[in-house]
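Position one of the sequence shown corresponds to residue 1 (the numbering used here), numbered consecutively onward.
The C-beta atom is built at its ideal place from N, Cα and C for all residues, glycine as well.
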Amino acid sequence: MDTVIRGAQVADGTGAPLTRQDVGLAGGRIAEVAGPGSLTGGRVLDADGQVLSPGFIDMHSHSDLQLLARPDHLAKVSQGVTTEVLGQDGLSYAPVDDTVLAALRQQLAGWNDDPPGFDWNWRSVGEYLDRLDRGIAVNAAYLVPQGTVRMLAVGWADRPATETELARMKELIATGMAEGAFGLSSGLTYTPGMYASTEELVQLCRVAGERGGYYSPHHRSYGAGALEAFAEMVEVSRRSGCPLHLAHATMNFSVNQGKAPDLLQLLDEALDDGCDITLDTYPYLPGATYLSALLPSWATEGGLAPTLARLSDPDTRERIRAALEESGSDGAHGVPIDWAAIEINGVRRAENAALVGHSVADSARSAGKPPAQLYFDTLLDEQLGTSCLMHVGHEENVQAIMRHRTHTGGSDGLLVGDRPHPRAWGTFPRYLARYVRELGVLGLADCVAHLTGRAARRLGLADRGLIRPGHAADLVLFDPDTVADTATFATPRQPAAGISHVFVNGVAAIADTHPTGALAGHSLRHPGRGR
1 MDTVIRGAQV
11 ADGTGAPLTR
21 QDVGLAGGRI
31 AEVAGPGSLT
41 GGRVLDADGQ
51 VLSPGFIDMH
61 SHSDLQLLAR
71 PDHLAKVSQG
81 VTTEVLGQDG
91 LSYAPVDDTV
101 LAALRQQLAG
111 WNDDPPGFDW
121 NWRSVGEYLD
131 RLDRGIAVNA
141 AYLVPQGTVR
151 MLAVGWADRP
161 ATETELARMK
171 ELIATGMAEG
181 AFGLSSGLTY
191 TPGMYASTEE
201 LVQLCRVAGE
211 RGGYYSPHHR
221 SYGAGALEAF
231 AEMVEVSRRS
241 GCPLHLAHAT
251 MNFSVNQGKA
261 PDLLQLLDEA
271 LDDGCDITLD
281 TYPYLPGATY
291 LSALLPSWAT
301 EGGLAPTLAR
311 LSDPDTRERI
321 RAALEESGSD
331 GAHGVPIDWA
341 AIEINGVRRA
351 ENAALVGHSV
361 ADSARSAGKP
371 PAQLYFDTLL
381 DEQLGTSCLM
391 HVGHEENVQA
401 IMRHRTHTGG
411 SDGLLVGDRP
421 HPRAWGTFPR
431 YLARYVRELG
441 VLGLADCVAH
451 LTGRAARRLG
461 LADRGLIRPG
471 HAADLVLFDP
481 DTVADTATFA
491 TPRQPAAGIS
501 HVFVNGVAAI
511 ADTHPTGALA
521 GHSLRHPGRG
531 R
């Protein structure tokens, strides 16, 4: 054995009751699981009183750039994440050409930044995965982003794809899957992915499904049309035969308070009818995105330059304001904007730093201008590169959904900005602290299964997500009485408490609560085998 973890209370990822055991590691794998005190050799780590679980799998991550820019990735390894799924919400950086990459760098700056001097030396999915393999702290899986694919084949026009364009999109998805992607993602409140019809999505999902992948959509509405949007995704899955994983499956905004049971009934009926459906959530009430995402889709058609031109035109501004404040834009989930619920949490220009941590309503009041005017002025000044929090969630919905039989965990974590959402640093320990220990919404073994074994099954990772001999040694050792998220909205970049060790492929990324800087992670290539 390289390492023996002795006498841990093992939560093996299946949901079975905890048992006290020794776990031996060798060559990056779990070599043996046996009774306490029975294994010897190598380094012995006394785990008495602590829980050993498989490494947590972040099913919805936005680390696409920051994992490369800061490969030690403390935000995730410090909370026990050993694998994360990138390429989310239909918008990421592979496959691309030079034109699409330039547009994405601008559009996604509020999510991922656009680091000066960064080396953008890939264009295909396979090349991006190769770049990850130069050295990263965690393992990473990738989804082909449907919005990016539409940029390549159709551009930024709000219209149906032609047969030639549809064939091109299918080809791009098939190639991405062949190069290692695990499926397809969509962002159906983001341009240009939102321009796809149901039929177009069915055709694209069929390509992913036939190759063993799954579909992970950010669907068309989490607000006024949420149930209809969820139902559309179930229909896409039925018609295409592609398994469905619902990203950040929340019921938000005032119109959906107390309506989680309606969503769960929809999903249970589909599951009982034979559909293959899973979901993920984060254990917080606010959401987060880039500030320009709230704009109506017609206002962003064509990309950056046309969008800025519309925001500069007084008549068009008024039309946008009416869509935001009176009817509710599709970008804002069909609900009229409550500017008091929209908090700016990241800007790119130092001149706008005073906006951070305040709602649009409060900042507008201080500036003596209407909230919509401050919103438009900020987008123009920041060239759309601004991020925000949306305080639109409901605790009863969060708890109901996390109890569901197909639930997994996803941080949806944005790592950049002045005050990023604390879910980027705190999602997984928060499940264990607040929803297991404090509130008892989930049992400990059950919660660990949500965050590990269930997620591995969705990804088809036959050798991860469980504590079993032969499985990859992705492991987390934590104190069940003290494990906690310490990241807050005021100070979001804070590592978890109560996690003493994190192993990635058998190498300690956290040892005795301290980061080691180890880069033992790598890309995972569909169907779930690392290189």
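Buried or exposed by the 16-neighbour rule on C-beta atoms within 10 Å, applied to residue i
i	result
R529	Unreliable positioning characterises R529 in this predicted model, as indicated by a pLDDT of 39, which lies under 50. The coordinate reading is nonetheless provided below. Result: exposed.
F537	Beyond the ends of the chain as shown, which are 1 and 531, falls residue 537; an answer cannot be given.
G440	exposed
H514	exposed
E200	buried
N121	exposed
A305	exposed
G110	buried
G287	buried
Q373	exposed
T488	exposed
D97	exposed
L380	exposed
F118	exposed
As assigned by DSSP and simplified to three states, the class of residue i
i	result
D362	helix
D377	helix
L295	coil
F56	strand
L414	coil
F478	strand
R43	strand
N345	strand
F428	helix
M251	coil
G540	Given that the chain is displayed from residue 1 to residue 531, the structure contains no residue 540 and the question cannot be resolved.
G209	helix
E32	strand
G80	coil
S500	strand
P515	strand
A16	coil
I320	helix
A332	helix
S221	coil
V441	coil
I337	coil
V392	coil
R529	Residue placement at R529 is flagged as unreliable, the pLDDT there being 39, under the threshold of 50; a coordinate-derived value is accordingly withheld.
Those residues which DSSP pairs with residue i across a bridge
i	result
S216	S185
H407	L279
Y142	L86
R464	DSSP lists no partner for R464.
Q21	A8
L244	Y215 and I277
Y93	Answer is none; Y93 lacks a bridge partner.
Y290	S387
G532	Missing from the structure shown is residue 532; the chain here goes from 1 to 531 and no further.
I401	Paired residue(s): none; I401 is not in a bridge.
T3	L25 and R43
S61	G413
For residue j and residue i, the rounded distance between their alpha carbons
i	j	result
L129	V33	32 Å
V560	T198	The requested residue 560 is not part of the displayed model; the chain covers only 1 to 531.
R168	R211	17 Å
A16	L52	13 Å
N505	M251	36 Å
I510	E163	51 Å
V234	L244	7 Å
S63	G413	8 Å
A518	A497	20 Å
R531	T452	Because the pLDDT at R531 is just 38, under 50, the model does not fix this residue reliably, and the value given afterwards should be weighed accordingly. Their backbone Cα atoms lie some 21 Å apart in a straight line.
L295	G213	32 Å
A229	A508	42 Å
V335	A456	35 Å
L303	Q494	Looking at the sequence shown, residue 303 is not Leu but Gly. Distance between the alpha carbons of G303 and Q494 is about 36 Å.
T40	R468	18 Å
H533	W339	Residue 533 lies beyond the stretch modelled for the chain, which goes from 1 to 531, so this question has no answer here.
Residue i at chain B interface by Cβ criterion, 8 Å
i	result
T198	Checking the listed chains, one finds no chain B in this structure; it contains a single protein chain.
Quiz item: Below 8 Å, can you find three or more Cβ-Cβ pairs linking the region 372-389 to the region 90-109?
Solution: yes
Quiz item: Taking contact to mean at least 3 C-beta pairs separated by less than 8 Å, is the region 80-89 in contact with the region 253-271?
Solution: no
Quiz item: Would you call the region 337-347 and the region 415-426 touching, i.e. three or more CB-CB distances under 8 Å?
Solution: yes
Quiz item: Are there three or more Cβ pairs, one per stretch, closer than 8 Å when the region 353-371 is compared with the region 301-313?
Solution: no
Practice problem: Say whether the region 123-142 touches the region 179-193, bearing in mind that this needs 3 or more beta-carbon pairs closer than 8 Å, one atom from each stretch. | Solution: Contact holds between the region 123-142 and the region 179-193, because three or more Cβ pairs, one in each stretch, are under 8 Å apart.
Practice problem: Could you tell me whether the region 279-287 touches the region 402-413, using the rule of 3 or more Cβ pairs below 8 Å? | Solution: Using a Cβ-Cβ distance cut-off of 8 Å, the region 279-287 and the region 402-413 are in contact, since at least three pairs of beta carbons, one from each stretch, lie closer than that value.
Self-check item: Inter-stretch contact at 8 Å, needing at least 3 Cβ pairs: the region 24-44 / the region 64-81
Solution: They do not touch, by the three-pair rule.
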